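*Asks:* I have a structure I would like to understand better, so I am pasting it below and will then ask my questions one at a time.
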Amino acid sequence: MLIDPYAKQLVGELKWSEALFGYTIGHADGDLSFDERDSAPFVPKSKVIDEAYTWGRDQRVGTPWDKTIFYETHVRGITMRHPEVAEELRGTFAGLG
Numbered sequence: 001m002l003i004d005p006y007a008k009q010l011v012g013e014l015k016w017s018e019a020l021f022g023y024t025i026g027h028a029d030g031d032l033s034f035d036e037r038d039s040a041p042f043v044p045k046s047k048v049i050d051e052a053y054t055w056g057r058d059q060r061v062g063t064p065w066d067k068t069i070f071y072e073t074h075v076r077g078i079t080m081r082h083p084e085v086a087e088e089l090r091g092t093f094a095g096l097g
C-alpha cells in the first residue's frame, strides 16, 4: 500500500512487517520476486480533513450515461505528435484545448 504524498493528515502508525516490501525476503530471486501479502494493516492511512469544495458556477454537462465515453490518456503522449496541435503546445495541457 502506498501513502498518498499529498495527504494532509495520516492516521495510525507504521508497524514494521516483511509485508511492507514488494518482494519476498529470502526468495532466491531477491527483489525480482513478488510478494502478494497485503501491507495495508501495517501502514498509516490518509485522512480527508476537509471535504468542502465549492464548484462555483459549474453545471452538469447532462450527457446521458449511454452516450458517455471515458478516455484515460497521458497529456504528453496524446498531444506530442498530433498534427493538429500547434508545435509550441505539444506535450502540454494547453495542447488538449
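Residue numbers (this note's numbering): 1 to 97. By construction, the Cβ of each residue, glycine as well, lies at the ideal position given by its N, Cα and C atoms. Just so we're clear, the structure is a prediction, and the values are computed from it rather than from any experiment.
#1: I need the DSSP call for residue 100, collapsed to helix, strand or coil.
#2: Would you check if the segment 50-58 and the segment 68-75 touch, i.e. whether three or more CB-CB distances between them fall below 8 Å?
#3: Can you tell which of 4, 90, 59 and 94 has the C-alpha that lies nearest to the C-alpha of residue 43?
#4: What residues in its chain sit with their C-beta under 6 Å from that of residue 90, if we drop five residues either side in the sequence?
#5: Count the other CB atoms, across all protein chains shown, that sit within 10 Å of the CB of residue 40; report buried if there are 16 or more and exposed otherwise.
#6: Where does residue 99 fall in DSSP's three states?
#7: Name the residue from 58, 33 and 85 whose alpha carbon lies nearest to the alpha carbon of residue 21.
#8: Report buried or exposed for residue 26, applying the criterion of at least 16 other Cβ atoms within 10 angstroms of its Cβ.
*Replies:* Walking through what the data contain:
#1: What the structure shows of the chain is the stretch from 1 to 97, and residue 100 is not part of that stretch, so it cannot be assessed.
#2: Verdict: no, contact absent.
#3: Here residue 43 corresponds to residue number 43 of the sequence shown, with the count starting at 1. Residue 43 has its Cα closest to that of 4, out of 4, 90, 59 and 94.
#4: Counting from one through the sequence shown, the residue named residue 90 turns up at place 90. When the five nearest sequence neighbours on each side are left out, the beta carbons in the same chain lying within less than 6 Å of the beta carbon of residue 90 are those of 79 and 80, in order along the chain.
#5: Walking along the sequence shown from the start, residue 40 turns up at place 40. Residue 40 should be labelled exposed.
#6: Residue 99 is absent from the structure shown; the chain starts at 1 and stops at 97.
#7: Along the sequence shown, read from residue 1 onward, the residue named residue 21 stands at position 21. For residue 21, the closest C-alpha among the options 58, 33 and 85 is that of 33.
#8: Taking the sequence shown and counting its residues from 1, one reaches residue 26 at position 26. Counting Cβ neighbours within 10 Å, residue 26 comes out exposed, since fewer than 16 surround it.
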